[in-house]
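Trainee: Numbering (our numbering), first residue to last: 46 to 282. Next up is a structure, given as structure tokens.
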């Protein structure tokens, strides 16, 4: 049985704790730049590997996505990891790198000659605050590898594997020209997708000369949400 006197003796011989001066808290204005840098780094990593905000640079996807020359189009959140686990499907709205055969007539963004402004524009494009300076396009997948696509039947509909598509998203910029440009049957190679704009008669896409199907490897991601402007919030269908 422990001796109470021994316990008392141990408590008296235990060394006293040293008094420590409390650490002086940094002023908020000193910590603020650090917090901003950390937030920017995390946002950059997120947008590089998981999802990124893109500015719609043209009107080829009207009225699903609004785009204008400059930086005032819709800003969309693009999921960059979906196609690491699943195959692209017809109906998906995708952002992709324009292959060499594609001409960049729709993407007319410019960069300032001023080095500082140019740098700020590049940073803004990473965070979706300015149009990208690269050849990125946004279109809708109409057919995937192994399918045959053609236009049109007697009711002005695109055919995939001989079956007409129901495309309620098509927009006719010119009401007097509600007829799609025809093209003969094209078999989409494996590993490629056939893409077209919703603004059907104002879109340079897989139908254009020398462009054709887009390699799946060139897909950046799937458009998920419209994040700006606030009045346009919603999913991309």
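Note that beta-carbon positions come from the ideal geometry of N, C-alpha and C, so glycine has one too.
Reducing DSSP to helix, strand and coil, say where residue 127 ends up.
Mentor: Of the three classes helix, strand and coil, the one that applies to residue 127 here is helix, per DSSP.
Trainee: Please name the residue in 188, 281, 80 and 197 whose C-alpha comes closest to that of residue 132.
Mentor: The residue with the shortest Cα to Cα distance from residue 132 is 188.
Trainee: Whose CA, out of 278, 105, 253 and 233, lies closest to the CA of residue 219?
Mentor: With distances taken between Cα atoms, residue 219 lies closest to 105.
Trainee: Tell me the residue span of the beta strand (DSSP E) that contains residue 133.
Mentor: Counting along the chain, residue 133 falls outside any beta strand (DSSP E), and DSSP gives it neither H nor E.
Trainee: Would you call the CB atoms of residue 138 and residue 183 closer than 8 Å?
Mentor: Taking 8 Å as the Cβ cut-off, residue 138 and residue 183 qualify as a contacting pair.
Trainee: Taking only the alpha-carbon atoms, compute the straight-line gap between residue 95 and residue 122 and give it to the nearest angstrom.
Mentor: Approximately 10 Å, taken between the alpha carbons.
Trainee: So residue 233 and residue 258 are in contact, right, with Cβ under 8 Å, and what is the actual spacing, rounded?
Mentor: That belief holds up - the Cβ atoms of residue 233 and residue 258 are roughly 5 Å apart, short of 8 Å.
Trainee: How about residue 120 and residue 273: do their beta carbons lie closer than 8 Å?
Mentor: Going by C-beta atoms, residue 120 is nearer than 8 Å to residue 273.
Trainee: Would the beta-carbon of residue 196 fall within 8 Å of that of residue 227?
Mentor: The answer is yes: Cβ separation under 8 Å.
Trainee: Using the Cβ count rule (16 or more neighbours within 10 Å means buried), how would you classify residue 159?
Mentor: Classification of residue 159: exposed, given that the 10 Å Cβ count is below 16.
Trainee: Taking 8 Å as the limit between beta carbons, can you name the residues of its chain near residue 235, skipping five residues before and five after?
Mentor: Same-chain partners within the cutoff: 190 and 191.
Trainee: Name, in chain order, the residues that DSSP records as bridge partners for residue 216.
Mentor: Looking at the DSSP assignment, residue 216 forms a beta bridge with 244.
Trainee: As a quick exercise: from 209, 165 and 89, pick the residue whose alpha carbon is nearest that of residue 230.
Mentor: Out of 209, 165 and 89, 209 has the C-alpha closest to the C-alpha of residue 230.
Trainee: Anyone know if the C-beta pair for residue 212 and residue 203 falls short of 8 Å?
Mentor: Yes, the pair counts as a contact, with Cβ atoms nearer than the cut-off.
Trainee: Compare the Cα-Cα distances from residue 221 to each of 72, 278 and 246 and report the closest residue.
Mentor: That would be 246, whose Cα lies nearest to the Cα of residue 221.
Trainee: I need the straight-line Cα distance from residue 83 to residue 200, nearest angstrom please.
Mentor: Each residue's alpha carbon lies about 56 Å from the other.
Trainee: Please report the distance separating the alpha-carbon of residue 118 from that of residue 269.
Mentor: For residue 118 and residue 269, the distance between alpha carbons rounds to 16 Å.
Trainee: Quick one, which of 79, 72 and 125 has its alpha-carbon nearest residue 92's?
Mentor: For the residues 79, 72 and 125, the minimum Cα distance to residue 92 belongs to 125.
Trainee: Rounded C-beta distance between residue 134 and residue 244? I'm assuming under 8 Å.
Mentor: Between residue 244 and residue 134 the Cβ distance is about 21 Å, and since that is not below 8 Å, they are no contact.
Trainee: Give the DSSP-derived three-state secondary structure of residue 252 in the structure shown.
Mentor: Reduced to three states, the DSSP call for residue 252 is coil.
Trainee: Kindly indicate which three-state DSSP category residue 221 falls into: helix, strand or coil?
Mentor: DSSP places residue 221 in coil when its eight states are reduced to three.
Trainee: Got a sec? Which residues, its chain only, sit under 6 Å from residue 216 by beta carbon, not counting five neighbours each side?
Mentor: 107, 108, 243 and 244, listed in sequence order.
Trainee: Do residue 256 and residue 262 have their beta-carbon atoms positioned less than 8 Å apart in this structure?
Mentor: The answer is no: Cβ separation not under 8 Å.
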